[in-house]
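The sequence shown begins at 37 in our numbering and counts up one residue at a time. Right, one structure below, let's go through it.
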Amino acid sequence: MSQQSSATVTIFAVPGSWIETGAVDQCHQVAALAGMIRVAGMPDLHPGKGAPIGAAMLSTVLYPFLVGSDIGCGIAVFPIRIRKAVPERLAARFPDLDQPLDPADLDGLDIPAGYLDQLGTVGRGNHFVELAKVDETLDAAHAARLGLTAGDLVLIVHSGSRGLGERILRAHTSVHGAGPAADPAAYLAAHDEAVRWGHLNRRLMAERVADALGAELSEPVTDVCHNSVEVRDGAYLHRKGAAPGDGRDVLIAGTRGTPSFLVAGHAAPEAGWSVAHGAGRKMSRADALRRGKAKHTIEELRRTAVGSLVVCGDRQLLFEEAPTAYKRIEQVIGDLVTHGLATPVVSTLPLVTYKTAEVPARRGGRR
């Protein structure tokens, strides 16, 4: 039986921001775990399976379930040069990122944990690969240091460790459930492999897209994971849907039809040295599907309000991931600024967002 913790819970959102009661309740449930010191909820906070998403949780005890199955999930931003960026043409040329790379194409690569399954794939849920343009420069000096100016193109890749992270969590939960790691060092070693795998996976997908589009890809200006745990001040800092925000540049994702923001993080210990990782859901997938079908057509979801295209062969996923299923990204960024956690550097607007392959269309079938 867990002893009562005296952990503090702080939600870094202004009054009026959309924060579900269920998500706050989950923060307090986590705060009651043995060894918990501090729980910080980000402005994109929303309920998860057993633990909140959009939170940084500091504890003297390591809890794998607080990180979840997609260890090392994160967002990378690669500057990319394309001779003529016509969204309609580029959308048709995106590679099938549901199909893993041929092992023969991976010769010479150091594959973390030797895990080849699903390498080079994006996955489902809120994962995506997006060709975007830098829209506004919000901190000119910082943007210049990153080599970014308005009108530049970037490739944004959001994915993680796929089946590898799931395998690591399952090995723990099958024996210990939601309890602490019996061997923290062993878990951390496996965790670190999954984090490295996630970084490699994002780079390989960026290279696949650049090759398919005939584009020139540069080194990423940021590649930060938001599902992880690290040892901090002698304790375990768990992040679930929260990005490192202490001196890091972080891409905070909007939706398929809204801007995203690259920010400079300068979060304090009270915020778990963390910032938000995205807009954050305001509807469950079931609600988004039900409401979306009553409100939107497939065509409306495939060409967004900002004129971008969404490549997605899964109709249900189109509704689940509709922009209206998420909070306003501008509010999330505003809350971070108000609480002194981050400074916006540039905003980006989507041109083409890949979710899943349009397989029937490519084969000449009907959509």
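We put the CB at the ideal spot given by N, CA and C, even for glycine.
Neighbourhood of residue i by C-beta distance below 8 angstroms, restricted to the same chain and skipping five residues each side
i, result
"I147", "L155, W233 and L236"
"V211", "A218"
"D228", "none"
"Y223", "L98, P100, I204, H208 and A217"
"V373", "T379 and P380"
"R399", "Because R399 carries a pLDDT of 37, less than 50, the predicted location of this residue cannot be relied on, and the following value inherits that uncertainty. Excluding positions up to five away in sequence, the list is empty."
"D171", "A186, P295, V382, S383, T384 and L385"
Contacts around residue i, its chain only, beta-carbon distance under 6 angstroms, and the 5 residues preceding and following it disregarded
i, result
"E252", "R117"
"A214", "F101"
"S344", "P386 and L387"
"I365", "G290, T294 and A315"
"A393", "D132, D134 and G349"
"A49", "I55, P79 and D371"
"L182", "V257"
N- and C-terminal bounds of the alpha helix (DSSP H) containing residue i
i, result
"M241", "P220 to L249"
"T374", "I365 to T374"
"E255", "From DSSP, E255 is part of no alpha helix (DSSP H); its letter is neither H nor E."
"E336", "I334 to R338"
"R326", "R321 to K331"
Neighbour-count burial assignment, residue i, 16 or more Cβ in a 10 Å radius
i, result
"A221", "exposed"
"D61", "exposed"
"K120", "exposed"
"H64", "exposed"
"V299", "buried"
"R125", "exposed"
"T173", "buried"
"D153", "exposed"
"Q39", "The predicted position of Q39 is uncertain, since its pLDDT is 38 and thus under 50; no value can be drawn from it."
"L133", "buried"
"T340", "buried"
"V122", "exposed"
"P51", "exposed"
"V267", "exposed"
"T389", "buried"
Helix, strand or coil at residue i according to DSSP, with G and I counted as helix
i, result
"T379", "strand"
"L69", "coil"
"H212", "helix"
"D106", "coil"
"F48", "coil"
"L345", "strand"
"V60", "helix"
"R351", "helix"
"T384", "strand"
"T389", "strand"
"R119", "coil"
"A304", "coil"
"F101", "helix"
"I471", "Here the chain covers residues 37 to 403 and nothing more, so residue 471 does not appear."
"G199", "helix"
"A112", "strand"
"A140", "helix"
"R268", "strand"
"P79", "strand"
Own chain residues within Cβ distance below 7 angstroms of residue i, not counting five before or after
i, result
"S53", "P79, Q367 and D371"
"A271", "I73, L94, S95 and T96"
"G401", "Note that G401 has pLDDT 35, beneath the 50 cutoff, so the model's placement of it is unreliable and no number is given."
Short Cβ contact (9 angstroms threshold) for residue i with residue j
i, j, result
"G281", "V311", "yes"
"R338", "L353", "no"
"A59", "A43", "no"
"A289", "F130", "no"
"L287", "T258", "yes"
"K276", "G104", "yes"
"G199", "Y151", "yes"
"H313", "I111", "yes"
"L184", "A246", "no"
"I47", "L81", "yes"
"V45", "G308", "no"
"A177", "V382", "no"
"L189", "P139", "no"
Residue range of the unbroken beta strand (DSSP E) whose run includes residue i
i, result
"H194", "L189 to S195"
"D171", "F164 to T173"
"H274", "A271 to K276"
"R284", "D282 to I288"
"L94", "I89 to S95"
"A312", "S310 to A312"
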